[in-house]
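These protein sequences, in sequence, are chains L, G, F and Z. Just so we're aligned: 492 in numbering that gives the first Met the number 0 is position 493 of the first sequence, and the numbers increase by one with no gaps anywhere. Just so we're aligned: 104 in numbering that gives the first Met the number 0 is position 105 of the second sequence, and the numbers increase by one with no gaps anywhere. Just so we're aligned: 264 in numbering that gives the first Met the number 0 is position 265 of the third sequence, and the numbers increase by one with no gaps anywhere. Just so we're aligned: 80 in numbering that gives the first Met the number 0 is position 81 of the fourth sequence, and the numbers increase by one with no gaps anywhere.
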Amino acid sequence: MAREPNLLEASGVVRQFGAFTAVNVDRFDMVRGSITSLIGPNGAGKSTFFNVLSGFMPATAGTWSFDGAEISHLPADRIAKRGLVRTFQHTAIAPRLTVLENVMLGAKDTPGESFRAAVWPPAWKRAERRLAEQAMSVLDRFKLTHLHDTQASVLSGGQRKLLELARALMAEPQLLMLDEPMAGVNPSLRDSLLEHIVDVNKRGTSVLIIEHDMELVQRISDHVVCMAEGRIIAEGSAAQVSSNPAVVEAYLGARRSEAQEAPPTGQRSVTRADPVLAVDDMVAGYLPGVDVLRGCSVELRPAEIIGVFGPNGAGKSTLLKAIFGIAQTRRGSVRHNGDAITGIKGHALVARGIGYVPQLENVFAPLTVLENLQMGAFLSPERWEDGLNYVTELFPPLDRLGSKRAGDLSGGERQIVALARALMLRPAVLLLDEPSAGLSPLMQEQVFDFIAAIRVQGVAVLIVEQNARRCLEICDRGYVLDQGLNAYTGTGEELLHDERVEHLYLGVRNASSSPPRAENCTSSG
Amino acid sequence: MHNSTRFQPRAAVTAALGLCLALGTGLSTAVGQASAGELKIGTLLPMTGPAAQFGPSMLTAVELAAKDINDAGGILDSKITLVNADEAGDANIASQALDRLLSQGARAIMGTGSTSVTLSLLDKVVRARVSMCSGANTGPQLSAYPNQGYFARTSYSAVLLGPVFAQMAIEDGHSKIAILGRGDAFGKGMSEAAAEAFKAAGGEVLATVIYDPAQTSFDSEVQRIASLKPDGVIVIGYDERGKILRSMIERGIGPRNVGIYTTGVLSPEFWKSVNPNDATVLDGVKQAASPLTKGNDFAQRILAQKPGLGTTQFAPEQYDCLVITALAMTASKSTDPTVYKDHIPLVTKGDVECTNYRDCVSALGTGKTIAYVGPTGPTRLNASGDPTTALLETYAVDAKGVSQPVHQIQAKMP
Amino acid sequence: MDLLNLLSLTLRAAVSPEAAVLALAAVGLNLHYGHTGLLNFGQAGFMMMGAYGLAIGVLLLGLSFAGGVVLGLMFAVLLALLLGVPTVRLRADYFAIVSLAVTESLRLLFRSSWMQPITGGVQGLQRFGDGFFAWNPIPAGTYELGPLHWNEAQLFLCIIAWSLVVAATLFVRILIASPWGRVIRAIRDNELGPTSLGKPVLLYKMQSLVIGGLIGAVAGVLLAVNQQDVNPETYMPTLTFFAYSGLVLGGVGRTWAPLIGVAIFWMVIAATDGILAAAGGFFPWIGAQQIGAARFILFGIGLMLLVIYRPDGLFVKKGLQRGA
Amino acid sequence: MARTLLALVLLAASVMAVQAASIGGKLRLRSGETSKPVAGVTLTARSESSGQSAQAVSGEDGSFDIPVPAAGRYQVTLDSKTLPRGVDLPAGRSTTLTVDVGEGQRKLVIFPLAQAGAGEQQTGPSAWVRFLQLIVDGTVSGLVIAMAAVGLSLIYGISRIINFAHGEFMTLGAILAYALSSMEGGPQLPLVLAAAVSLIVVGALGGAFGIGLVRPLETRAKDHFAILVFTIGLSFAMRFVLLAVFGPNSYPFREYALQEPIRFWGLILVPRDLTVAIISVLILVALGVFLLFTRTGRAMRAVAANPSLAEATGIDVNRIKRSVWILGAGLAAAGGVLMAVSQQVRWDMGYQMLMFVFAAVILGGIGTAFGTIAGGVVLGICMELSTLVFPVEIKTALAMLAMSAALLVRPQGLFNRAQRVG
């Protein structure tokens, strides 16, 4: 009986967090034997969809089947047993086991793993030796053999990804689901990781990847599915999807027709005043030994709007988190009005008049909206009244949200509350991490108009933003990061019409794979 | 499991080796050989743990007894030195402490403070062939234990003391009583014995409520008894009785309108734990216990020996334990437990009655058999070390909170 | 109390049956927490099940000694299911207080007069160990080894107890070295990994809880036989804390930690008791009460220092390389 | 086996006075609160073996004494004709009683008398009143448990640490208050003042402990096991220092010692328990207001919800954590004082309360102050209500088992929002 053409079929899959709908996919099919990539801007619900399919997160509604059998009711380990093995963005390896043991863990139906057999060593000694040899050969393929006897905890970020992939292969899965396999992997390892994925596919394992690096997606994917705001907005070959206007808009924001385009404000003579915030050659990261930022420098002058762009994993968010002491700054310095503030505690920065709105979990869920705003004015309660009027005037919807629990708000409402909270004390410097994520187009307009407005009051704003196009319209200057380094910089106007920005996001790139230097930027229309 | 961590086997092995070497060399001398003229007596009493409030009173009694015995010339011309250990109300710790006392050459063990700890040690005591005597264990379970004479107790078994409460209630003409007992060997045994005796005499026991000693509040139990409107209430417990009596008096089961009968002699300050502002609060509460005013008013001597003692509960009984053991050694002219253990019951039921160690020793000197009657009163221990008779005194608390003796009651067992 | 006597006392404590009982309980805990990550604070409950199973089996049901032991082990399995099914998926510290509270409530039930006909209530049950001592091949008499001396019954019990400890340690070592053990240790480090590879994590955790519980039950049987008495006051949470202290002293997760750690821990407890009692003589103003309390104060402070400066056992300078 | 022993011995343990054998007792007529002696009633004792009988008449104080020639079994009958008018044995009591008299023993017997037709005294309060009474008592003890548990829950909220020494903070608070207010030779301060001082001292100690010892441990030890064992060690150390210093006995406070109970709708409530309940409610409401409406209170809830965001909002997270430790320890001391007022001060009172605190925290949901308070009160009420069906002795055990059953239904606690505790 010819096997089903589709290995994985899902219909009507919904997942909600309170009022916020993270995933709402009507139909999703994955062809057997293919490499399918799942792309989309941050917060599009890719990871949530991934977790629901693999059984690690219960769905609010919907059914999906694997290799013909319905699995939506099965727990995660039973789904994995059927051959659907997934990896994790932050690698779920066992640090206190050796590398070899980690790989051997992957094998299916190992004789010694049932308790009855475990008690009688002869029952599994021989099989264990064969398993070890098999594991060693997998390690050879991944060039980790020399580390087989060391504890997995000593591996670097990239090596951990390789180990997790090797372990997944030991289970000989029918479908391998990879959650951002390339995130945090240094370039030298990326290509070998890529080859392994392709090699696995050749040996008959279908692969579903969540990945941001468009260049990789185009190189290896047979089929690409793009998600935005929980829905699938485009499907097809890599070329079709990357040129699909809906996808480009999801990534870069709507390309405004000429008329709508506001006169670029960027043309004001760039005042050479001292920078209010200067980041110099910063190296930062979270896990020991894994540097996300590998030497990035940014300057922000008073009453200036600076945008920081680049594909996901380029280190945009890490830059803001490093400034605010949430990520570890390992080298380089940060100056505010000339004084060094590297590594200073967050609350001290707020006292110096620097506001910050993180990308995720940027509201206090159990507290009401009003209480969230009061937290914004924590340092000087006497300015509470003035601050409240200021933000409600900026964001009228705040009035009716007053007593609601922040946790029950929709994505857009949360974003507004987070922004308002950071503005309560009218900070001189504002760091915004993807302020437009999850907002309706109308709301996005409002946010960008508002950012342009406060700039006039002398506030310096540093924005990390996916919605590159719309953001560039109001930016004086923009920095484009790629793999933790400054790729190139330019005024808002230059970058708005620069092909490279689009290519960087959507991976359509000319021959050389290294990021283009500022000097050879093409000026094609 | 090849863990490549920095485990230093060398350090572990050298430490263990060093210890063995130190012990191996030159340790052939017999352990704890008592030098001539010094007789070691071990005490295993509850200095910590749930029964911690009785430890100091019992230890002081043993110290007082040792002083009296040494003043009277000691035992077979060697002086008693005490070796103390804490049983902490924990079987493991008590067992380890008992090992220490035995290794230090204790010829007799005074303790323990609770029936459950004694039960957990008896097997070891019998196998180690050492004599143990407790003034606080009242659990009936101990009578049935085949202790081959190595265990004796001067505290009255619940079976003996329980009916005395029934009699006190009957004498006051009560026909419907309730009993509130602590949920341990002491409380349960006494409650059941009292209830049986009262029913046998034709009375009606409205309720026997057993409470959990670790309980923090007793209001609902007292309320249940109050609602049954008894003529009299028997309360069997330790120092939580302060809370219980307060709760009873507040709920109208006061000492005047409803008879209150409780165990042990309440210390002169006990009323403070019921109502620190009113000394007359316990006026009329009746108790039954070993006589305190036997000649030298034993409680004052204990308090003189160690001022600031919270209670003198079980002090008379523990005092008699040591004296009886000493007399048994003197009578059997040997400090070897296997020999003197059989004399322990005999020295309490001989012909000549004597009330202190000095007189008893001189009586023994003239070849007569003696019946020692100490502050606990006559005990006449039987073969399994239980007192068979009890000369009890009933007391009533006066207006100043001091327990005045009323009359004596002779309780007998076969 | 001269020094040699003190040393002989500590050595005697180190090899005493009480130490063996605690060591065996610690072996169970090492499997629970050291290898599986199950923070079980109810090991005293498992010991109680073993002990009461034996006593009830022999005294009430007239079973042989072996029959009583089997009943005790069955009780322990029942407790593991009662405790494990609802709570084994809880976070570690949550599981700790739930296991502590459930076993404490069982202890209070066993102590109540409501269950007195079965469990003997407060006074517990006595005289059920003769079947064990009947198997004693050693002829009567006292046996000397340096300063230590036992009678035939004590010697037999010591030998059986410590050989059980060694057997249990080796059994756990074999288990942990097996593929089953590999999955268990992976669960300890990060549950998501094994789940994503198709391993039924809850089943493994339940199996580990049952095995560790059975080892605890055997420890309970030994404790009961050593005292020929079973009563609820023995199985308070302090028993579990003592076992954990020994385990932490030896280094959680090490194969021989339970044996070495508990032996040293019990020696320290014995030594402090001896030293303090001796010191009592020199400082007359310290009452016996203070001496009794001093020992536990030292135990508490020792535990605090141990956890700060030697989180991975007395013999390891720096900690195990903690995984991210 | 124990039971048979008891019966055998009791038959023999007939309690006897020092003189010749006799059968005696005291006849009293009980009406309402008081009871009067009944004189002039003749009782006869007839020996079963020898058939001889002897008579006696009850004297002025109602007591009678029938001399009996020898030990043995006797039938004692009360001649109901000689009873005064309107006085009779209660329904269902026969006029004869068989007793065994031991050698030279004065055997006591009882003949309860009641006003004829007075019928049984009114029985105890109706089931409904008793049910209500249990709920009242349960609420009082529940509030004390809530006071004890809320501090632990707050500290867990911001530091994910279950502080096993929480009980000892309670005991310390109670002992300090006792030393300042009621101990002889102490400053004899009014209790409220003494309690306030003890709260401040214990709170400061909690703050020092939270920052001085716990924070370095948090950074050093990756997992929480080390910190849990640390608090167990601290619990042992503190508890036995208190024993060494304060001694093993328990003492009540001078004030609120013994009071006339208030009676309404047939319920009985001692003013002391009422004050304890009212103070607890006041403190818990004040805590609620503080957490909901004050700046620092909200900051505490913010830090508990998301520490890194709180830092980025301008809240000095470490300072807030320290103030939560201070607040938690202060609440523990307050719980200790209130517990000591309703019961007594003892060296291990806090340790004994720990089990109830854990049960309340798990029932209500750990980490949320409101969930824990509700959990405590529900636990207190369930414990008291269980005495309707089960014996009093196991109400503690039942409370704990109910708690673990609740976990089956809602692992994160009854009143807590669904959050991942698995």
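C-beta: ideal position from N, C-alpha, C; glycine also.
Classification of residue 170/Z by the beta-carbon crowding that lies within 10 angstroms, buried from 16 upward: Buried.
Selection of the stretch 181 to 198 of chain F by Cβ proximity to chain L, strictly under 9 Å: 181, 182, 184, 185, 186, 187, 188, 189, 190, 191, 192, 193, 194, 195, 196, 197 and 198
Residues near residue 320/L by beta carbon distance below 7 Å, same chain, minus five either side: 326
Secondary structure, beta strand (DSSP E): runs of 3+ residues fully inside the stretch 125 to 197 of chain F: 141 to 144 and 147 to 150
Residue 205/Z: first and last residue of the uninterrupted beta strand (DSSP E) it sits in: For residue 205/Z, no beta strand (DSSP E) segment is defined; the enclosing uninterrupted segment is the alpha helix (DSSP H) at 190 to 207.
Members of the stretch 377 to 399 of chain Z near chain F, C-beta cut-off 8 Å: Here the close residues are 389, 390, 392, 393, 395, 396, 397, 398 and 399.
Simplified DSSP assignment, three categories, for residue 276/G: coil
Assigned secondary structure, residue 95/L (DSSP; H/G/I helix, E/B strand, else coil): coil
Bridge partners - residue 64/Z, DSSP secondary structure assignment: 23/Z
Residues that residue 133/G bridges to, as DSSP identifies them: 152/G
Residue span of the beta strand (DSSP E) that contains residue 181/G, given as start and end: 175 to 181
Contact set between the stretch 93 to 119 of chain L and chain Z, restricted to residues whose Cβ is under 9 Å from the partner: none
Proximity of residue 205/L and residue 473/L at Cβ, strictly below 9 Å: no
CB contact below 9 Å: residue 346/L versus chain Z: Answer yes: the Cβ-Cβ gap between residue 346/L and chain Z drops below 9 Å somewhere.
Buried or exposed (CB count within 10 angstroms, at least 16 for buried), residue 311/F: So residue 311/F counts as buried.
Interface residues of chain L facing residue 272/Z [CB-CB closer than 7 Å]: What residue 272/Z touches in chain L: nothing, since even the nearest Cβ is about 34 Å away.
For residue 156/Z and residue 303/Z, the rounded distance between their alpha carbons: 5 Å
Under 9 Å between C-beta atoms of residue 46/Z and residue 29/Z: Going by C-beta atoms, residue 46/Z is not nearer than 9 Å to residue 29/Z.
Any C-beta of chain F under 9 Å from that of residue 306/Z: no
Beta-carbon proximity check, residue 283/Z vs residue 142/Z, cutoff 9 Å: yes
Within-9 Å CB hit, residue 295/G to chain Z: At residue 295/G, the pLDDT of 47 sits below 50, so the modelled position is not reliable and the matter cannot be decided from this model.
Residue-chain proximity (residue 345/Z, chain L), Cβ-Cβ < 9 Å: no
Residue 139/F to residue 150/F span [Cα, whole Å]: The C-alpha of residue 139/F lies about 7 Å from the C-alpha of residue 150/F.
Residue 410/G to residue 171/G span [Cα, whole Å]: 18 Å
Proximity test, Cβ basis, 9 Å: residue 84/L and chain F: Any Cβ of chain F closer than 9 Å to the Cβ of residue 84/L would place that residue at the interface, and such an atom is present.
Cβ-based burial, residue 313/F [other Cβ within 10 Å; buried from 16]: That one is buried.
Residue 328/L - partner residues in DSSP beta bridges: DSSP, once it has assigned bridges, lists 283/L as partnering residue 328/L.
Per-residue DSSP class, three states only, for residue 113/F: helix
Close beta carbons around residue 26/G, own chain, < 7 Å, minus the five adjacent residues each side: Only weak support is given to the placement of residue 26/G: the predicted model assigns it a pLDDT of 35, under 50, and the question is left unresolved by the model.
Short CB-CB distance (under 9 Å) between residue 93/F and chain Z: yes
Burial state of residue 117/F (16 or more Cβ within 10 Å): exposed
Interface residues of chain Z facing residue 325/L [CB-CB closer than 8 Å]: Per Cβ cutoff of 8 Å: 307, 310 and 311.
Residue-chain proximity (residue 207/F, chain Z), Cβ-Cβ < 9 Å: no
Cutoff 8 Å; reference residue 493/Z; Cβ partners in own chain excluding five residues on either side: The question about residue 493/Z has no answer, for chain Z in this structure spans 0 to 421.
Secondary structure, beta strand (DSSP E): runs of 3+ residues fully inside the stretch 28 to 78 of chain L: The stretch 28 to 78 of chain L contains these whole beta strand (DSSP E) runs: 34 to 38 and 60 to 65.
Short-range partners of chain Z found in the stretch 356 to 371 of chain L, where Cβ spacing is below 9 Å: 356, 357, 360, 361, 362, 363, 364, 365, 366, 370 and 371
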